[in-house]
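With this note's numbering applied, the sequence shown covers 395 to 587.
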Amino acid sequence: MVSEIENAPDFSRKRQRLAALVAEFGYDVSKVILSLQKKTFNYLGQSFTSEGQSFPDGRIEIYYDPQMSDARLGCCLAHELQHVRYFVVRDAYRAEPSDGPLHRRFAKYVPELLAAQRGVSIYSNEHWDAWKSDAPPRLFSLELEEGESEPINETIAEVAKALYNWGPDVRINALWKEMHDAINEEHAALRSA
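Rendered as structure tokens:
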């Protein structure tokens, strides 16, 4: 049964705009939905309302908010799509031998270097602050399981959001941008293989 909100002009317009954005990003429109679900989560002792969620199988849900502008919708999609790309490269990295091509390409991004950089936004820095392991997070590790936070994954997603919002000339940490670009290159190579 279709709800009253789903029939509302604003919901319809946002769903169409989201589909257009997904197509602009070159992603499968059938894997992204505008959901009426409202998702909240507790983090660092506070309750937050989520704007979207990505899943390791490539699905993405963007949570409908009548106040969400088209720009915010695009930023949210850029952030969630980056998580999907990260998951694909992470899975390939974890599946290959330790001397494989992905391991060689990403070898310079050692935990201490990444931890010294911290995040690129308030949100990503909150993930660095929330890290609970004694050792810093490792690129392509299962961060949530190891430290109850995802500082690397969230920082990369925030780079994507900043690039979408401000364009390629945005002032952002060069190391994180370089890693973001490398992940996207490897994701594209894995998709075309």
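Even for Gly, the Cβ is constructed at its ideal location relative to N, Cα and C.
Cβ shell of residue i (< 7 Å), same chain only, five flanking positions each side left out
i, result
"tyrosine 421", "Leu475"
"lysine 571", "Val553"
"proline 460", "Asp404"
"tyrosine 458", "Phe405, Lys408, Leu428, Ser429 and Leu430"
"proline 505", "Ala529, Pro530, Pro531 and Arg532"
"leucine 415", "Leu467, Gly468 and Leu471"
"tyrosine 503", "Leu533 and Met573"
"alanine 417", "Val423"
"asparagine 567", "Gln511 and Val514"
"arginine 479", "Ile577, Asn578 and His581"
Contact test: residue i Cβ vs the ligand ATP heavy atom, cutoff 6 Å
i, result
"phenylalanine 500", "This structure lacks the ligand ATP; in fact it carries no ligand of any kind."
Cβ neighbours of residue i in the same chain (closer than 8 Å, five flanking residues each side left out)
i, result
"glutamate 580", "Val483, Ala486, Leu496 and Arg499"
"alanine 402", "none"
"arginine 585", "Val482"
"alanine 413", "Val423 and Val426"
"lysine 526", "Gly541, Glu542 and Ser543"
"phenylalanine 419", "Leu471, Ala472 and Leu475"
Helix, strand or coil at residue i [DSSP, three-state]
i, result
"leucine 430", "coil"
"phenylalanine 405", "helix"
"leucine 533", "coil"
"arginine 466", "helix"
"alanine 587", "coil"
Cut-off 6 Å between Cβ atoms - residues of its own chain near residue i, not counting five sequence neighbours on either side
i, result
"threonine 443", "Thr434"
Sheet register partners of residue i (DSSP bridge)
i, result
"serine 448", "Ile454"
Could you pull out every unbroken alpha helix (DSSP H) segment of at least 4 residues lying fully inside the stretch 474-530, listed in chain order? 495-499, 505-511 and 516-524
Below 8 Å, how does it come out for the stretch 423-433 and the stretch 454-471: are there three or more Cβ pairs, yes or no? yes
Stretch-stretch touch, CB-based, cutoff 8 Å, three pairs: the stretch 515-531 with the stretch 539-551: yes
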